[in-house]
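Worksheet: one structure, shown below.
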């Protein structure tokens with residue numbers, strides 16, 4: 748990508764409102780907890796999801812307590828935030844599309860399995876309209 752393209756992308760990002768994973772105005776707009784359902788189908792069935800806006804992608808996983816810090820070490824460099832609990836939440840802000848949701852679902856399933864846990868599914872949050 749050339750200089751002009753990078754500048755255009757940077758300017759577009761400046762126009763996007765900032766979103767935080769702990770914003771109290773966020774509501775769930777998509778849920779995907781059925782492993783047989785494609786991520787594209789989950790997104791398509793949601794009338795609340797706004798494809799052109801940022802969202803918080805939040806994965807729900809079970810991770811053994813003694814593996815939480817290892818998971819955090821692996822996730823933090825890519826901008827993920829892990830909130831530990833009986834069911835831990837792994838979240839980050841991004842634009843959603845079916846490809847990235849599927850890739851991240853696979854990544855979380857792999858991570859959970861390697862650490863002796865289980866990936867349960869994901870949801871996406873956006874500010875309420």
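Numbering (our numbering), first residue to last: 748 to 876.
No residue lacks a Cβ here, since even glycine has one placed at the ideal position from N, Cα and C.
Practice prompt. Could you say which of 859, 858, 864, 845 lies nearest to residue 778 if we only look at CA atoms?
Written response: Position 31 of the chain shown, counting from 1, holds the residue named residue 778. For residue 778, the nearest C-alpha among the options comes from 845.
Worksheet item: Where does residue 874 sit, in a helix, a strand or coil, going by DSSP?
Response: Translated into the one-based positions of the chain shown, residue 874 becomes position 127. Residue 874: strand per DSSP, three-state reduction.
Practice prompt. For residue 830, I'd like the list of residues in its chain whose CB is within less than 6 Å of its CB, leaving aside the five on either flank, ordered along the chain.
Written response: Taking the chain shown and counting its residues from 1, one reaches residue 830 at position 83. Excluding residues within five positions, the ones whose Cβ falls inside 6 Å are 836.
Practice prompt. Report yes or no: do the region 811-824 and the region 846-865 share at least 3 C-beta pairs separated by less than 8 Å?
Written response: With a cut-off of 8 Å, the region 846-865 and the region 811-824 count as touching, because enough Cβ pairs lie within range.
Worksheet item: Taking the beta strand (DSSP E) that residue 787 falls in, what are its first and last residues?
Response: Locating residue 787 in the chain shown gives position 40, where the first residue counts as 1. First-last for residue 787: 786-791, but that is the alpha helix (DSSP H), not the beta strand (DSSP E).
Worksheet item: To the nearest whole angstrom, what separates the beta carbons of residue 775 and residue 858, a pair I think is in contact under 8 Å?
Response: Start at 1 with the first residue of the chain shown, and residue 775 comes out as number 28. Start at 1 with the first residue of the chain shown, and residue 858 comes out as number 111. About 22 Å separates the beta carbons of residue 775 and residue 858, which is beyond the 8 Å limit, so they are not a contact pair.
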